[in-house]
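Quick notes on the structure that follows.
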Amino acid sequence: AVANLFRRRVAVAWAATGLLALLAVVGAERTVAAADVWHDEPRLYESALRQAPQAPLLWANLGAAYRRLGKLDEALAALRNAETFNRQSPSADPVALYNNLGTVLATSGKLEEALAAFDQALSYGGQQDRIQFNRGEALRLLGRVDEALAAYNAAVLANPAYVDPRLRRAQIALGRGDLPAAETDLRAVLRGDARNPDALTGLAHLDRRAGRLDEAAELFGRVLAARPDDFSSWLALGGVEVQRGRFAEAVAAFEKACALRPNEPQPLAALAAALFRARDRDRAKRLLDEGWTRFPQSVDLALGLLNYYHEIGDRAEAEKWLAAAIALAPQHPQVLQYQKAYAEQP
């Protein structure tokens with residue numbers, strides 16, 4: 130089978146930039162029993178290669194086995210051997226060989242080399258949809274988003290039912306503010322899989338951007354029913370509840386996010402802000418002070434303390450925390466807003 134560069138179902142980072150998601154470890158979902166078999170695979174192929182050291186199919190299979198185990202250096206060496214011997218005596222499927230090679234190179238951060246391998250795989254025909262998607266992922270990680278979009282378009286053209294490139298296209302469209310294009314792809318995914326959590330998450334963010342807050346909250350609720358440990362969705366749901374003026378519900382959502390990521394300052398700052406809006410100012414201040422002690426480089430907490438003192442009318446303390454926020458992130462939009470406001474009201 131032709132490998133996917135990323136997980137079979139794309140893990141989409143809608144709430145971050147709307148464009149970039151982290152590179153995922155290569156490999157399809159598998160059972161523990163299957164994983165045990167995979168751990169034995171390299172030994173089987175290495176044993177066979179002692180009898181036939183120039184067999185390209187064995188080298189290709191060994192490389193694929195190492196790729197599934199995340200042993201990228203060993204996988205790359207084996208696949209390069211397969212490439213060399215396949216030129217002399219073709220027996221390995223070149224489409225799978227070069228796609229696997231591109232996958233390993235991309236996962237190793239060698240994105241330009243990966244593109245060359247994917248192009249080589251495409252030259253042989255075969256599963257154009259998977260390879261075009263993988264090529265798009267490498268281009269996206271290089272920051273060549275328009276070229277990545279063209280590759281995703283080619284993947285969808287080759288296989289209109291293929292979910293992953295549609296999700297990526299929706300992600301790009303949402304990041305660019307093209308809500309109709311994003312919605313078209315997301316709803317196309319949901320027509321094939323009404324419970325697809327990535328598409329539901331994307332649609333929830335789209336509804337939030339469009340001001341459809343009730344619909345966004347309902348969709349985030351559906352996502353979290355299926356993925357109760359989805360940190361980003363709890364954080365986003367809390368933000369939606371703040372926008373809806375439902376501060377108790379926002380506090381509950383942010384508390385879930387804090388429980389999932391206790392060592393991150395962002396959900397703590399969001400929880401404190403929601404508590405302040407819910408009129409629990411003492412707890413909000415206590416959380417901000419405790420958080421700043423733990424995370425003294427967090428602009429979110431510095432801004433939280435700035436907001437707190439600004440709201441209670443303590444200009445001197447607010448300016449102290451504005452200075453701290455400026456030192457941490459001088460171009461942060463909230464920092465710039467406060468600078469402008471305080472400059473206009475000496």
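Numbering (the numbering used here), first residue to last: 130 to 475. Ideal Cβ placement from N, Cα and C applies to all residues, glycine included.
N-terminal and C-terminal residue of the alpha helix (DSSP H) that residue i is part of
i	result
Asn228	Pro223 to Thr236
Ala245	Leu240 to Ser252
Arg338	Pro326 to Arg338
Lys385	Phe376 to Leu389
Leu353	Leu342 to Ala355
Ala189	Pro185 to Leu198
Gly265	Gln257 to Leu270
Ile441	Unbroken run through Ile441: none, as it is neither H nor E.
Arg415	Arg410 to Arg423
Gln395	Pro394 to Arg406
Tyr471	Pro462 to Glu473
Asn288	Run containing Asn288: none; DSSP gives neither H nor E here.
Contacts around residue i, its chain only, beta-carbon distance under 8 angstroms, and the 5 residues preceding and following it disregarded
i	result
Gly331	Val141, Trp143, Leu296, Ala299, Gln300, Leu303, Ala311 and Leu315
Gln372	Arg337 and Leu342
Gly420	Pro394, Leu397, Ala398, Ala401, Ser427, Leu430 and Gly433
Ile455	Val464 and Gln468
Ile441	Arg410
Cut-off 6 angstroms between Cβ atoms - residues of its own chain near residue i, not counting five sequence neighbours on either side
i	result
Arg412	Leu404
Asp429	Pro394, Gln395 and Ala398
Ala277	Gly265, Leu268 and Arg269
Arg406	Phe376
Val292	Val318
From the options, residue whose alpha carbon lies closest to that of residue i
i	options	result
Asn215	Glu276, Leu198, Leu187 and Ala194	Leu187
Asp409	Ala284, Pro391 and Phe376	Phe376
Ala184	Ala453, Val292 and Ala207	Ala207
Glu347	Asn288, Ala365 and Glu448	Ala365
Ile260	Asp443, Gly272 and Ala246	Ala246
Pro475	Leu457, Ala445 and Ile455	Ala445
His334	Pro309, Val274 and Ala189	Pro309
Pro289	Asn392, Leu319 and Lys414	Leu319
Asn282	Phe262, Arg273 and Gly272	Phe262
Pro171	Pro425, Ala181 and Ala204	Ala204
Ala181	Asp248, Lys200, Ala211 and Leu465	Ala211
Asn436	Ala470, Phe424, Thr422 and Arg423	Ala470
Pro294	Arg324, Gly306, Gly442 and Ala317	Ala317
Arg209	Pro219, Ser220, Ser218 and Tyr227	Tyr227
Pro220	Leu230, Val233 and Ala189	Residue identity differs from the one stated: residue 220 is Ser in this sequence, not Pro. Comparing Cα positions, the closest option is Ala189.
Asp248	Gln217, Ala339 and Ala280	Ala280
Ala193	Asn229, Gly306 and Asp307	Asn229
Leu286	Phe424, Asp307 and Gln256	Gln256
Sequence-distant residues of the same chain with beta carbon closer than 7 angstroms to residue i, five excluded per side
i	result
Pro478	Outside the shown range of the chain (130 to 475) lies residue 478, about which nothing can therefore be said.
Thr313	none
Tyr438	Glu446, Ala447 and Trp450
Leu400	Val380, Phe383, Glu384, Cys387 and Leu416
Val369	Arg337, Leu342, Ala345, Ala346 and Phe349
Leu271	Leu240
Nearest-angstrom beta carbon gap, residue j and residue i [assumed within contact, 8 angstroms]
i	j	result
Ala386	Trp363	4 angstroms
Leu191	Glu175	7 angstroms
Gly284	Asp258	Residue identity check: residue 284 is Ala in the sequence provided, not Gly. Contact flag correct, Cβ pair sits at about 5 angstroms.
Tyr253	Pro223	5 angstroms
Ala235	Ala243	4 angstroms
Asp358	Leu389	6 angstroms
Ser237	Leu201	5 angstroms
Within-9 angstroms CB hit, residue i to chain D
i	result
Leu432	Here chain D cannot be found, since the structure has a single protein chain.
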